[in-house]
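Colleague: In terms of this note's numbering, the sequence shown is numbered consecutively and its last residue is 370. Sharing a structure below in structure tokens format, with a few things to ask.
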Amino acid sequence: MYRDILLEKKGNIAILTMNRPEVLNAFSVEMRQDIGTAFHDLAKDDTVRAVVVTGAGRAFSAGGDIKTWKDSKKTNSMEIITKAAHRAVTNLIALEKPVIAMVNGDAIGAGCNLALACDLVIASKDARFGQAFV
Numbered sequence: 237m238y239r240d241i242l243l244e245k246k247g248n249i250a251i252l253t254m255n256r257p258e259v260l261n262a263f264s265v266e267m268r269q270d271i272g273t274a275f276h277d278l279a280k281d282d283t284v285r286a287v288v289v290t291g292a293g294r295a296f297s298a299g300g301d302i303k304t305w306k307d308s309k310k311t312n313s314m315e316i317i318t319k320a321a322h323r324a325v326t327n328l329i330a331l332e333k334p335v336i337a338m339v340n341g342d343a344i345g346a347g348c349n350l351a352l353a354c355d356l357v358i359a360s361k362d363a364r365f366g367q368a369f370v
């Protein structure tokens, strides 16, 4: 159902794992779309009482995958990226269940923003937060 995330349930807890560890969970268009869809689906699931968001491997998320932006001037891909990111965050904020970011490593740029949009952030001792556009 999802391409770049894993979504599992443990009892009443849903665990959304960004699953592109080979690129430090950098956001592809597909991953942004998957996250938006997952939050929408979780909002309708009455068996879920809380959501945990984390990243596979050694990073929470390195932010946007700029390698996927190379053809953005030839297509409308930047518009697609922006709309997918907006939908993901809008659906997260609209979710009437607590969302906990479990940050296990780097949370940079859009990854940092996703973590900070959650209701609670739990960071490991190895977690680092940063903005790419400061």
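Beta carbons: idealized from backbone N, C-alpha and C, even for Gly.
Kindly indicate which residue of Ala351, Ile358, Ile302 and Phe275 has the alpha-carbon position closest to the one of leucine 331.
Modeller: Phe275
Colleague: Taking its Cβ as the centre, do 16 or more other Cβ atoms sit within 10 Å of isoleucine 329, making it buried, or is it exposed?
Modeller: exposed
Colleague: Please go through the segment 238–291 and give each complete beta strand (DSSP E) segment of 3 or more residues, from N-terminal end onward.
Modeller: 241–246, 249–254 and 286–291
Colleague: Looking only at DSSP bridge pairs, what is isoleucine 344 linked to?
Modeller: Gly366
Colleague: Starting from serine 313, follow the alpha helix (DSSP H) in both directions and report where the run begins and ends.
Modeller: 313–330
Colleague: Anyone know if the C-beta pair for alanine 337 and phenylalanine 369 falls short of 9 Å?
Modeller: no
Colleague: I need the straight-line Cα distance from valine 335 to valine 288, nearest angstrom please.
Modeller: 6 Å
Colleague: To the nearest whole angstrom, what separates the beta carbons of valine 339 and alanine 320, a pair I think is in contact under 8 Å?
Modeller: Between alanine 320 and valine 339 the Cβ distance is about 22 Å, and since that is not below 8 Å, they are no contact.
Colleague: In whole angstroms, what is the alpha-carbon distance linking lysine 372 and valine 284?
Modeller: No answer is possible for residue 372: the residues shown for the chain start at 237 and end at 370.
Colleague: Taking only three categories from DSSP, how would you classify alanine 295?
Modeller: Note: alanine 295 maps to strand in three-state DSSP.
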